[in-house]
Each structure stands twice: as structure tokens, then as C-alpha cells.
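Numbering (the numbering used here), first residue to last: 12 to 477. For each residue, glycine too, the CB sits at the ideal point set by N, CA and C.
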């Protein structure tokens, strides 16, 4: 059989990951992500899917972040009916994130309709809660480290990627008439010394490798993120301010909660109210209690009556009324709310009310894609647009890179060095152009790898007649 690959997303950008593998009589997609960030990227979400949906047999998900699963409701609405394979924790996370995404899409369309700031006369959501729910029956969970078949001669195995709960590296073994070939998809790789998650699994052999490059052009600073977090919080509290942390509901929030608990235990920050104001983050945090084998905190959670996700300072705010009440909160506190790049969700009304005040602090804890409000805050722009208004940025912005859930350049190279044999071809994906090109060159120079930085909708022949 001939094997081709087409890049329907995650190429030339950090979002919209979609990699189409065509075996002739069988087609599958690895990841099905939403485009986020710049307007020209977001507009792709509204386009018709660039390949016939009825020819797509199945989907394999590396993990449950929206830039890897957020297009699923659109694809199902266009007629996809095949199985969607993922890890067991990813199944539950996907349900949480897709429901929340559908809800936000509906709310934002309705808000734009009421306020009249959309250029469309009748703004519509990209998809609805009902569209998201239509995905659930197709989710097909599989355990880590155990091969399963998706087609005669096509086996798949999930390995720990260390990025978020349930995140996986995907190995696909193709058994042809004359030879066997291995495809390896890194997904998003995590840090090697994450306090919550297991490090990325090293894969010894892969003929063709898809390798993420989010931080392909930089290394994390050699500082302790816990200490940086403590300094930012103490600095804000010295002004009697409020700390706002836009945080991804999955992964980043749980890591921040862990660090805040440790800092309070050690007396490095005062014991103040922590408001976790994100229904999705609250539901996700509960999953850490359910999937004990997927992370390092099982012993702590089982043995201690008080732990990072259960202590007197931590308040879970599920209801909208609770969230809105924080707009009038006076005094020192920490608000953690989604979304992590400030592209939507409850964090927007916190930023809307608290950004104009110099005493407050906003901690930016992780990667911010081009075109997002989070990136604009990092860039020091004097205003950001929220709800159709230009909001002055007077609060102090504290970037903390050490809390990223992505491997940095050195860790990406460490993972690459785990291959015992040089791959035939390595696609550098899921990175902005400079980041992808920098990592591609480094892999060429140091490991003599044949690296390619693919462009959107570009196709490649991987094998002929295997």
C-alpha cells in the first residue's frame, strides 16, 4: 500500500492540529483541533473540511486540549460517524472541554447579538452544546501501553506524554505485504520534572515522526516557578491588590493549585482566599482524584485529609452568580479562571473589571499564541479589547514561563535523542514558524535528522508499496 500524509492544521501555527493519513483503502486523522489565535486562523474553523468527511474512517486523539479536539463537533455535524480513539482520561476530559466550548460558543454569539459588536447581523455559534454532545458516543477509550487495532494491519499504542492528564504519544504500526513501518506522533510533550505528571515516554524506533515545536526556539529559565509565583503574589499583595491568573482548565490550573498549596504550607505567601472560578477546571480537578494511575499525586491524595485540591483557603465557584460577585471583591485574594490565553470564558469579566487598576496583578502562566489577549498582555499593549471595549491595562503583568506544560527546546532534544535509529522523515509541527524552523535546524545539525516544516494543506508521500 502507498501511504500519504496531509497537514490540515498544526502546521505553521500552534493550533488546529489535524494530520490526515491515507492508506488508500483506509483514512484516519490524528487530532482534530480548533484553530485559535489570529483572525485568519480562526476563520478556518468556519470553512468546509478540506477533504471528504465520508472517506474518513476514524480519528486518534493525542490529548484533550481544544487545539487538538475542538473541531470534533464541526466534523460530526458534517457527517463523520467513525470511532474516535483516545486514552481513558482523555475521554472524560474531552466531554468536559467540548461541552464547555459549545456553551461558550453559544454565549458569545448571544452576547455579540445583544451588544451589536459583531459584523454579522445574526451571529451564530461555531457549534452548540448539542453538537458537542453528538461527539460523545463515538469516543472510544483505550488504556496506555497496550496496542489495539483500528484496521487490519494497523495497530495503535498510547504512551504517556506528560503534558496534561491523559495526554499521549501515539505510535501507529503499519503492517504491509512486504514490510512494517512505524509512525510516531509526539502530541504535546510535557516537562521532564513536572510535579504532577509522568515524564514523556521515549520511543526507540519510528520511521516517520511528527514532533511538536511549541518551545522549539527557547529554553525555560533556570528559575523555580514556585518562587516566581510567590514573588508575583507578594508584590501584588504589597499593593493590597487582587491576583488574577488566566489558566487553562486542564493541567495548568491543577499545577497552579499544587504550587499555591505548597507556598501557603511553607509560609511563602499568606493564607488568602483562592477562588477557582471555572466549572470546567473544577470538573477536571475532580478527574485527578479518579485517574490515580495517570499522575504522581495519588499517595498525597489518599493519605492526607488536606491536600492541594482540598483545603480551607480553596473555594470552588461553579455558579455564574458567584463568579460575578468577585467583581466587587475588596482585599487580597487569588482568582484562577479560564481561558488560559484570555480568549473567552469567565476570566474576561475579571480582566474587564480589574485590569484598569494599578494595584492588581495578572500572572500569565504559560504559552500565549499570537493574536490572543494573553499575548497582547505579555507584549505590554496599553489596552486590550474585551466585550467590544478597549480596556486600559494598568494592572501589573507577571509572566512566568516555568509553569508551562510544554517541553522546552532542551527537553524536546532529550526526547528526540531517545530514538535508537534515525527516522526517515521528521515533520516539525505545532509551532509558530520561527520556533518550528529553529528546532528543525537544531535536529539537523545535532542529530542529522531529515526535518521538514510542513505548510497548511501540504501533502507528502510517506511510503510507496509497503
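Pair within 8 Å by beta-carbon distance, residue 285 and residue 318: What you label residue 285 is simply residue 274 of the chain shown in a count that begins at 1. What you label residue 318 is simply residue 307 of the chain shown in a count that begins at 1. Against a cut-off of 8 Å, the Cβ pair of residue 318 and residue 285 comes out as no contact.
Three-pair Cβ contact test at 8 Å for the region 258–265 versus the region 340–349: yes
Closest residue to residue 436 among 455, 445, 424 and 426 (Cα-Cα distance): Taking the first residue of the chain shown as position 1, residue 436 is located at position 425. For the residues 455, 445, 424 and 426, the minimum Cα distance to residue 436 belongs to 455.
Residue range of the unbroken alpha helix (DSSP H) whose run includes residue 326: Residue 326 sits at position 315 when you count from the first residue of the chain shown. It is not in any alpha helix (DSSP H) - residue 326 instead sits in the beta strand (DSSP E) that spans 325–327.
Buried versus exposed call for residue 116 [16 or more other C-beta atoms within 10 Å across all chains shown]: Locating residue 116 in the chain shown gives position 105, where the first residue counts as 1. The residue is buried, with at least 16 neighbouring Cβ atoms inside 10 Å.
For residue 56, three-class secondary structure by DSSP: In the chain shown, residue 56 corresponds to position 45, counting from 1. In this structure, residue 56 counts as helix in the three-state DSSP scheme.
Three-state secondary structure assigned by DSSP to residue 264: Residue mapping note: residue 264 aligns to position 253 of the chain shown, counting from 1. If DSSP states are grouped into helix, strand and coil, residue 264 belongs with the helices.
Residue burial classification, residue 364 (beta-carbon count within 10 angstroms, cutoff 16): Walking along the chain shown from the start, residue 364 turns up at place 353. Counting Cβ neighbours within 10 Å, residue 364 comes out buried, since at least 16 surround it.
Near the ligand SAH: residue 372 beta-carbon under 7 Å from a heavy atom: The ligand SAH is absent from the structure shown, which contains no ligands of any kind.
Environment of residue 263 [buried if 16+ CB atoms lie within 10 Å]: As a working note, residue 263 is residue 252 in the chain shown. The residue is buried, with at least 16 neighbouring Cβ atoms inside 10 Å.
Cross-strand partners of residue 97 (DSSP beta bridge): Position 86 of the chain shown, counted from the start, is the residue given in the question as residue 97. In the DSSP output, where bridge partners are listed per residue, residue 97 has 152.
Cβ neighbour criterion (16 or more within 10 Å) applied to residue 17: What you label residue 17 is simply residue 6 of the chain shown in a count that begins at 1. Classification of residue 17: buried, given that the 10 Å Cβ count is 16 or more.
Alpha-carbon spacing of residue 238 relative to residue 383, whole angstroms: Along the chain shown, read from residue 1 onward, the residue named residue 238 stands at position 227. Along the chain shown, read from residue 1 onward, the residue named residue 383 stands at position 372. Residue 238 and residue 383: Cα-Cα distance of roughly 27 Å.
Span separating the alpha-carbon of residue 214 from that of residue 430: Position 203 of the chain shown holds residue 214. Position 419 of the chain shown holds residue 430. Computed Cα separation, rounded: 6 Å.
Residue 426 - DSSP class collapsed to helix/strand/coil: In the chain shown, counting from the first residue as 1, residue 426 sits at position 415. In this structure, residue 426 counts as helix in the three-state DSSP scheme.
Simplified DSSP state of residue 462, which is helix, strand or coil: Counted from its first residue, the chain shown places residue 462 at position 451. Note: residue 462 maps to strand in three-state DSSP.
Span separating the alpha-carbon of residue 34 from that of residue 184: Numbered from its first residue, the chain shown carries residue 34 at position 23. Numbered from its first residue, the chain shown carries residue 184 at position 173. For residue 34 and residue 184, the distance between alpha carbons rounds to 12 Å.
Cβ-Cβ separation, residue 474 to residue 13 (assumed contact under 8 Å), whole Å: Locating residue 13 in the chain shown gives position 2, counting from the first residue. Locating residue 474 in the chain shown gives position 463, counting from the first residue. Confirmed, Cβ separation roughly 7 Å.
Ordered list of alpha helix (DSSP H) runs contained in the region 220–266, each at least 4 residues: 236–249
Residue 417, DSSP secondary structure in three states: Taking the first residue of the chain shown as 1, we reach residue 417 at position 406. Three-state result, residue 417: coil.
Where residue 449 falls: helix, strand or coil (DSSP): As a working note, residue 449 is residue 438 in the chain shown. Here residue 449 sits in helix by DSSP.
Option in 48, 30 and 403 with minimal Cα separation from residue 40: The residue labelled residue 40 in the question sits at position 29 within the chain shown. Checked all of 48, 30 and 403; the closest Cα to residue 40 is 30.
Endpoints, the beta strand (DSSP E) within which residue 143 is located: In the chain shown, counting from the first residue as 1, residue 143 sits at position 132. First-last for residue 143: 140–144, but that is the alpha helix (DSSP H), not the beta strand (DSSP E).
Alpha-carbon spacing of residue 105 relative to residue 394, whole angstroms: As a first step, residue 105 is located in the chain shown; it is residue number 94 there, counting from the start. As a first step, residue 394 is located in the chain shown; it is residue number 383 there, counting from the start. If you take the alpha carbons of residue 105 and residue 394, they lie about 34 Å apart.
Reference residue 169; option with closest CA among 177, 202 and 466: Against the chain shown, residue 169 aligns to sequence position 158. Ranking the options by Cα distance to residue 169, first place goes to 177.
Start and end residues, alpha helix (DSSP H) containing residue 292: Position 281 of the chain shown, counted from the start, is the residue given in the question as residue 292. Residues 290–301.
Chain-order list of residues whose beta-carbon lies under 7 Å from that of residue 91 (same chain, five-residue window excluded): Taking the first residue of the chain shown as position 1, residue 91 is located at position 80. Only 64 and 67 meet the Cβ criterion.
First through last residue of the beta strand (DSSP E) which encompasses residue 407: If you number the chain shown from 1, residue 407 lands on position 396. 407–410 is the span of the beta strand (DSSP E), which, as asked, contains residue 407.
Counterpart residues of residue 390 in DSSP-defined beta bridges: Taking the first residue of the chain shown as 1, we reach residue 390 at position 379. Partner(s): none; residue 390 has no beta bridge.
6 Å Cβ shell around residue 231 - same chain, five flanking residues per side excluded: Position 220 of the chain shown, counted from the start, is the residue given in the question as residue 231. These residues qualify, in order along the chain: 412, 413 and 419.
Cβ neighbours of residue 152 in the same chain (closer than 7 Å, five flanking residues each side left out): On the chain shown, residue 152 is found 141 positions in, with the first residue counted as 1. Excluding positions up to five away in sequence, the list reads 97, 98, 99 and 102.
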